[in-house]
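Data first, discussion second: the structure below is written as structure tokens.
Number of protein chains: 4
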Amino acid sequence: MSTDSTDPLADYPVVIVFPVQWGDQDPYAHVNNTVYFRWFESARIAYCIRLGLTATAASGGIGPILAAISCNYRRPLNFPDTVRVGARVTRIGRSSFTMEHALVSEVQGQLAADGSSVLVAYDYDRKQSSPLTPELRQAIEQLEGKTF
Amino acid sequence: MSTDSTDPLADYPVVIVFPVQWGDQDPYAHVNNTVYFRWFESARIAYCIRLGLTATAASGGIGPILAAISCNYRRPLNFPDTVRVGARVTRIGRSSFTMEHALVSEVQGQLAADGSSVLVAYDYDRKQSSPLTPELRQAIEQLEGKTF
Amino acid sequence: MSTDSTDPLADYPVVIVFPVQWGDQDPYAHVNNTVYFRWFESARIAYCIRLGLTATAASGGIGPILAAISCNYRRPLNFPDTVRVGARVTRIGRSSFTMEHALVSEVQGQLAADGSSVLVAYDYDRKQSSPLTPELRQAIEQLEGKTF
Amino acid sequence: MSTDSTDPLADYPVVIVFPVQWGDQDPYAHVNNTVYFRWFESARIAYCIRLGLTATAASGGIGPILAAISCNYRRPLNFPDTVRVGARVTRIGRSSFTMEHALVSEVQGQLAADGSSVLVAYDYDRKQSSPLTPELRQAIEQLEGKTF
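Heads up: the protein sequence lines correspond to chains A, B, C and D, in order.
Residue numbers for the first sequence follow my numbering, beginning at 1 and rising by one.
Residue numbers for the second sequence follow my numbering, beginning at 149 and rising by one.
Residue numbers for the third sequence follow my numbering, beginning at 297 and rising by one.
Residue numbers for the fourth sequence follow my numbering, beginning at 445 and rising by one.
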């Protein structure tokens, strides 16, 4: 984890990169507001894979369910561009945790959007939310390099 | 505007209806989290059309820009279903206003999601945010049936 | 099945209706070319449901797999509009069948697009394509009101 | 332009690369059929930019309009994967040209899909299709490294 204070993603242990596609734009010729949530989702999945959180309805076990998400649109994005999208966990609760998202435009060299999501641990076998396991807490703390 | 207290959309002056499409679902076989924002957008546009807010970068004038949005996922949605999506304004500021969104599943007969967005009035001619005009405030108050 | 010769969808046993959403449009301010395929998919799924073809990788059995699809864009679509999308089967082969799609704009009152797809019957248990069952052939012929 | 006969994209002068996103998948846990057309579009736009074909309704001049497109799905795609998407022109007509698309999965190391599109030159000032200019023909021939 870099500590470069000039990079808005310096404190994000998971960062993925996407090319902006022409068709991501809407009639305003800006990237449509829904596309940011697709990118946030991809960063979230990448983070969960790093945690070993891959359980699904089909496979059983405990997996994450998205309970809430938000996005602040700070600068419009256009094609062509490349975005870097970061994910980090900032809160661990009993059966949920909070993930923050940030998105940097390579063309603009600045933060273009950020947001936050709440993920609930769900037990697909018992069909109910589940306390976060000690293993999951440990995996998050290890990835973030700090104790919550 | 209905005052039926059993309908979560009773206080929403603008309500639009969409069929859930099979392809709106993701590998979890639930409607993907990004689709809700497309529906919120459609309700927002319908509301803005009711206000006469149709200015764009191409046409000039003052139009709304989305500054922030959030969604709370309260119940998963599946295909087939029909959703009713409401929009209402709950706050008018100097150069922005807050719009709330709510989404009801016809199959489940319950609120499935809600959220909130902040819209900023943008002057496409002067390329900067703009105070809400008295006409726009009046149009919102007339549509909401109350004074802010 | 109507025989109204003035309706381009007269010979389509399955027709579904969708509102055009503002966000379906791209920077050309036309409905983006990919959206037509989402609508075709929804009509295809509606048709398959009518046939009882609901098998999937998860449930096992024989289900349809999309092998090829095409679309001819005859008139651009804009928001706001409502589209009616038809599906019909025009060929039944040994292990595949051909489905035609047509899309009518309510605003324009004309055919806006048409296309064709090839669906292969897939045996999810044996993991290979499968001859169409006599029951499936009969279901298609009954829905189309003719013999192939 | 490579002539490596083992690469299905060897004869494609324009090739772009995309990461498969988790949310590109549908309930079959395969990349949804509509996503291929988004990728084809991005390759098409990249090709047109190479040709200098950037005219739009807003800017005037002569720009390309998509008249038809098709896709053959040869192998299902899954997340995670990276796709390379090629575009090449195979026919130049009086006022249209044909572009072929091919898509290779990095994980599978094989062609996963291919397709074809017809692009019509459209004069946004005169609002009608337009003969391809000699400059455009020359730009295509130069990019393809052959005479049509």
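Quick reminder that beta carbons are idealized off the backbone N, C-alpha and C, glycines included.
Predicted model, so just to flag it, every value in this text is computed and none were measured.
Check the C-beta distance from residue i over to residue j and give it rounded, since I have them as a contact under 8 Å.
i               : j               : result
V255 of chain B : F188 of chain B : Contact doesn't hold; Cβ gap of about 20 Å is too wide.
I69 of chain A  : G115 of chain A : 6 Å
S539 of chain D : S561 of chain D : That pair is no contact at about 15 Å.
L225 of chain B : G211 of chain B : In fact, because the Cβ distance is near 31 Å, the residues do not count as touching under 8 Å.
I341 of chain C : L415 of chain C : Actually they do not touch by this definition, with Cβ atoms about 11 Å apart.
A102 of chain A : P8 of chain A   : 6 Å
V327 of chain C : Q321 of chain C : 6 Å
F97 of chain A  : L143 of chain A : At roughly 12 Å, the Cβ-Cβ gap does not stay under 8 Å, so F97 of chain A and L143 of chain A are not in contact.
R74 of chain A  : A113 of chain A : 6 Å
T34 of chain A  : R186 of chain B : 5 Å
A473 of chain D : P228 of chain B : That belief does not hold up - the Cβ atoms of A473 of chain D and P228 of chain B are roughly 20 Å apart, past 8 Å.
C515 of chain D : Y568 of chain D : Between Y568 of chain D and C515 of chain D the Cβ distance is about 28 Å, and since that is not below 8 Å, they are no contact.
Is residue i helix, strand or coil by DSSP?
i               : result
S95 of chain A  : coil
T447 of chain D : At T447 of chain D the pLDDT is 46, less than 50, meaning the model places this residue with poor confidence; the figure from the coordinates comes in the next sentence. Here T447 of chain D sits in coil by DSSP.
E248 of chain B : strand
P64 of chain A  : strand
R236 of chain B : strand
G589 of chain D : coil
Residue i CB to nearest chain A CB: under 9 Å?
i               : result
S560 of chain D : no
R482 of chain D : yes
G507 of chain D : no
A306 of chain C : no
N220 of chain B : yes
L199 of chain B : no
For chain D, is any of its Cβ atoms less than 9 Å away from the one on residue i?
i               : result
T182 of chain B : yes
G23 of chain A  : yes
A177 of chain B : yes
I16 of chain A  : yes
P134 of chain A : no
Would residue i count as contacting chain B if we go by Cβ distances under 9 Å?
i               : result
V100 of chain A : One point to set straight first is that residue 100 of chain A is Glu, not Val, in the sequence displayed. So no, E100 of chain A is outside the interface.
E337 of chain C : yes
I341 of chain C : yes
D525 of chain D : no
D416 of chain D : Any answer about residue 416 of chain D is impossible in this case: the structure gives chain D only from 445 up to 592.
A112 of chain A : no
I69 of chain A  : yes
Verify the CB distance criterion: does residue i have a CB-CB separation below 9 Å to chain C?
i               : result
C492 of chain D : no
P167 of chain B : yes
D7 of chain A   : no
L510 of chain D : yes
Cβ contact check for the region 271-290 of chain B and the region 330-346 of chain C: 3 or more pairs under 8 Å: Result no; under three Cβ-Cβ pairs closer than 8 Å.
Any 3 or more C-beta pairs closer than 8 Å across the region 534-544 of chain D and the region 382-401 of chain C: no
Length-filtered (3 minimum) beta strand (DSSP E) runs lying within the region 11-60 of chain A: 14-19
Every unbroken beta strand (DSSP E) within the region 110-135 of chain A, with a cutoff of 3 residues, ordered by chain: Taken in chain order, the unbroken stretches of beta strand (DSSP E) that lie wholly in the region 110-135 of chain A and span 3 residues or more are 110-123.
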